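Taking it in order: structure first as C-alpha cells, then the write-up.
There are 2 protein chains.
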Amino acid sequence: MSEDPRTRMLAGAVDLMSRGGLPAASMRDLARHSGTPLGSTYHYFPGGKRQLALEAVRFADDQLRSWLGRSLEQGPVAGLREFLAVWRQILIDSDFEAGCPVLSVAVTEPRAEEAVSATRDAFVHWCELLSGSLREHGTPADTAEALALLIVTSVEGSIAMCRVEGSPRALDVIARTLEELTENALAQCTLTRTLDS
Amino acid sequence: MSEDPRTRMLAGAVDLMSRGGLPAASMRDLARHSGTPLGSTYHYFPGGKRQLALEAVRFADDQLRSWLGRSLEQGPVAGLREFLAVWRQILIDSDFEAGCPVLSVAVTEPRAEEAVSATRDAFVHWCELLSGSLREHGTPADTAEALALLIVTSVEGSIAMCRVEGSPRALDVIARTLEELTENALAQCTLTRTLDS
DNA sequence: TTCGTCATATGACGACCGTTATAACCCTAG
DNA sequence: CTAGGGTTATAACGGTCGTCATATGACGAA
C-alpha cells in the first residue's frame, strides 16, 4: 500500500490503462487514484505522459514475466495455467472492468509512440518465455513458436471478450483447448524421442 | 465514395475507431474524415456520440458477418481463410495503423456503455457463424464451439499484435495452426461417420 | 412567389485534457 | 537555529472534447 510514490503511480497507471486504454488514464485521475499529488507527476516523470505510458507498459511486462518465468520452472502446462489464472483473477477482481493493460495500449495508441513498441516487446517476451519452455521440453522450434503465439494471441483476445461478456467463459473454454494442444505437443515430442532412442 | 452522408459517417467512424478506439474518433475528426459538416452529426445521430458508437459497431459487425457468411457457404476452411484475409487486408491497406474496430471499442469503453454490448454481440455472432458451419459439416457441438472461440479470440489478439509489430507475421503464423486444427476437426468427424456406417 | 422543411454551416458553451509556473512544505546538513 | 534542496500543493495556461443554439442555404408544396 505504501511503496514509494513513483512505483505507486506506475501501478496505478497500469490499472487505469487496463480499464480503458491510455486515454482513460488521465494525469488527474492517476494522481487521485494513486494517492500522489498532480504536481509531483512531472517530478517523477519529466517526460510527461509519454514517459509514464512507456514505463507503465514495461512495468506490467516485467511483472507478468516474473510470474510467468517462475511458474514455467514447473513445465509449460504449469506456465500456461499461471498465464491464464493471472488474467482470470484480474478480470474477476475488477468485476470485469479491467483487462490487459498491454493490449489496451497496443490498440489505443498511434503506432509511432514509444509505448507501442514496448507493447510489442511485451508480447514477444511472453511468446519467447512460453516457446522457450516448450523447446526445453523437446517440442520442435517451429511448433513451439506457433503454439506460443496461439496461446498469447488467443488469451489476449479472450480477455477482451470476457470483459465485454462480464464472464470468464471465453478464457475457461480456450484454457481447455490450449492445455490439450500443449500436452499434445509435449506428448508428440516424447514419442519422437522414444522412437529415436 | 458518395453514398448518403449517414453511411459515410458510420464508415468513417469505423475507420477512426479501428485506429485508436472510440476516444480517437472525435466528432470533429469524424466530420472532416467523412466529408460531412460537424453540425449535421447531431441531425443524423440525435443520441450523440453514444448512438454513433453503437451504430458504428453494429455497422462493422454486419459488414463482417456478410462477408463471413458468404464465404462460409464454401465450407469452414474457406470461411476461416476469408476471416483471416479480411483483417490482413485491413492491416496492410492502412500500413498497420488500423486494427479491429470492434476490439478497439471493447477495450476502450467502460463496460456499461451500450456500444460495448454491441461488441459482445459481434464477437458472439462471428463465433456462431463459424461454429455453425463446423457443426453443419459434422463437427460435434462442443468441439465446434471451442474451435470457433479459439479462432475468433486468437485472430483478434493477432490483429493487435500485427499492428504493433508492423507485420502480418502473427496472423500468418496462427493461420496455419488454425487451418490444421479446423481440417483436423473436420477429418475426425468424417472418420467417426465412416465408423458409424 | 411564399412558405416550411430538411440539410449545411458557424460559433459558442462548459468541462476536461496535458502541461507548467509558482508557492508552501518537510527534513536533513551545517 | 538556520539554510537549502527535494517534495507537495494550488492555480492557471492553451487546446480539444462533446454538445447545442442559431443562422444560412436548398428546394419542393401551396
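Heads up: the sequence lines are chains A and B, in that order.
Just so you know, we're using my numbering here: the first sequence kicks off at 1 and counts up by one.
Just so you know, we're using my numbering here: the second sequence kicks off at 1 and counts up by one.
Positions of the beta carbon are idealized from the N, C-alpha and C atoms, including for glycine.
For clarity, every value in this text was computed on a predicted model and none was experimentally measured.
Between B:Gly12 and A:Pro110, which are expected to be in contact by the criterion C-beta below 8 Å, what is the C-beta distance as a whole number of angstroms?
Within the second sequence, the letter at position 12 stands for residue 12 of chain B. Within the first sequence, the letter at position 110 stands for residue 110 of chain A. About 18 Å separates the two Cβ atoms, so there is no contact after all.
Who are the Cβ neighbours of B:Leu38 in its own chain at under 8 Å, not counting the five residues just before and after it?
Sequence index remark: in the second sequence, residue 38 of chain B carries index 38 (1-based). Same-chain partners within the cutoff: Met27, Arg28 and Ala31.
Let me know the secondary structure DSSP gives A:Pro101 once reduced to three states.
Here the question's residue 101 of chain A lines up with position 101 in the first sequence. Residue state, collapsed to three classes: helix.
In whole angstroms, what is the alpha-carbon distance linking A:Glu40 and A:Pro140?
As a position in the first sequence, residue 40 of chain A is number 40, starting the count at 1. As a position in the first sequence, residue 140 of chain A is number 140, starting the count at 1. As written in the sequence, residue 40 of chain A is Ser, which differs from the Glu given in the question. Roughly 50 Å between the two C-alpha positions.
Would you identify the three-state DSSP class for A:Glu73, choosing helix, strand or coil?
Here residue 73 of chain A is taken as the residue at index 73 of the first sequence, counted from 1. Coil at A:Glu73, not helix or strand.
In this structure, how does DSSP classify B:Leu186 when only helix, strand and coil are distinguished?
On the second sequence, position 186 is the one that residue 186 of chain B refers to. It is helical.
In the structure shown, what three-state DSSP assignment does A:Glu128 receive?
Translated into the one-based positions of the first sequence, residue 128 of chain A becomes position 128. Helix.
With DSSP run on the structure shown, which of helix, strand or coil describes B:Arg111?
Counting from one through the second sequence, the residue named residue 111 of chain B turns up at place 111. Note: B:Arg111 maps to coil in three-state DSSP.
7 Å is my cut-off, CB to CB: does B:Leu16 come that close to chain A?
Walking along the second sequence from the start, residue 16 of chain B turns up at place 16. No, its Cβ sits nowhere closer than 7 Å to a Cβ of chain A.
Out of A:Ser18, A:Glu114, A:Trp87 and A:Arg58, point me to the one whose CA is closest to A:Thr7's CA.
If you number the first sequence from 1, residue 7 of chain A lands on position 7. The shortest Cα separation from A:Thr7 among A:Ser18, A:Glu114, A:Trp87 and A:Arg58 belongs to A:Arg58.
Taking its Cβ as the centre, do 16 or more other Cβ atoms sit within 10 Å of B:Asp15, making it buried, or is it exposed?
As a working mapping, residue 15 of chain B is identified with position 15 in the second sequence. Label assigned to B:Asp15: buried.
Against A:Ser34, what residues of chain B qualify as contacts under a CB-to-CB distance less than 8 Å, listed in chain order?
Residue 34 of chain A sits at position 34 when you count from the first residue of the first sequence. Under the 8 Å cutoff, chain B gives no residues; its nearest Cβ is about 20 Å from A:Ser34.
Determine the chain A residues that contact B:Glu156 at a beta-carbon separation under 7 Å, and present them in chain order.
As a position in the second sequence, residue 156 of chain B is number 156, starting the count at 1. The contacting residues are Gly157 and Ala160.
Return the chain-ordered list of same chain residues with a C-beta closer than 6 Å to the C-beta of B:Cys162, the five sequence neighbours on each side being excluded.
Stepping through the second sequence from its first residue, residue 162 of chain B is reached at position 162. Once the five neighbours on either side are set aside, the close Cβ partners of B:Cys162 are Leu91, Pro168, Ala170 and Leu171.
Counting pairs of Cβ atoms below 8 Å between the segment 132-147 of chain A and the segment 45-58 of chain A, do you hit three or more?
No: fewer than three Cβ pairs fall under 8 Å.
Using only CA atoms, which one of B:Gln188, B:Thr182 and B:Ala187 lies nearest to B:Val237?
Chain B is shown from 1 up to 197; residue 237 of chain B falls before or after that span and cannot be answered.
When the Cα of B:Ser104 is compared with those of B:Glu128, B:Leu80, B:Ala146 and B:Gly157, which residue comes out closest?
Taking the first residue of the second sequence as 1, we reach residue 104 of chain B at position 104. Measuring from the Cα of B:Ser104, the nearest candidate turns out to be B:Gly157.
Indicate whether B:Ala60 and B:Val102 have their beta-carbon atoms separated by less than 7 Å.
For this step, residue 60 of chain B is matched to residue 60 along the second sequence. For this step, residue 102 of chain B is matched to residue 102 along the second sequence. Yes, the Cβ-Cβ distance between B:Ala60 and B:Val102 is below 7 Å.
Within the 7 Å Cβ cut-off, does B:Gly69 reach chain A?
One-based indexing of the second sequence puts residue 69 of chain B at position 69. False, the Cβ-Cβ gap to chain A never drops below 7 Å.
To test your reading of the DSSP string, which unbroken alpha helix (DSSP H) runs of 4 or more residues are found completely within the segment 15-77 of chain B?
Taking only runs of at least 4 residues, the alpha helix (DSSP H) segments lying wholly in the segment 15-77 of chain B are 27-34, 38-44 and 48-72.
Could you list the residues in the segment 163-174 of chain A with a C-beta less than 8 Å from some C-beta on chain B, going in chain order?
Per Cβ criterion, the list reads Arg163, Val164, Glu165, Gly166, Ala170, Val173 and Ile174.
Are the beta-carbon atoms of B:Gly99 and B:Ser18 separated by less than 7 Å?
For the purposes of this step, residue 99 of chain B is taken as residue 99 along the second sequence, with counting starting at 1. For the purposes of this step, residue 18 of chain B is taken as residue 18 along the second sequence, with counting starting at 1. Yes. Within cutoff.
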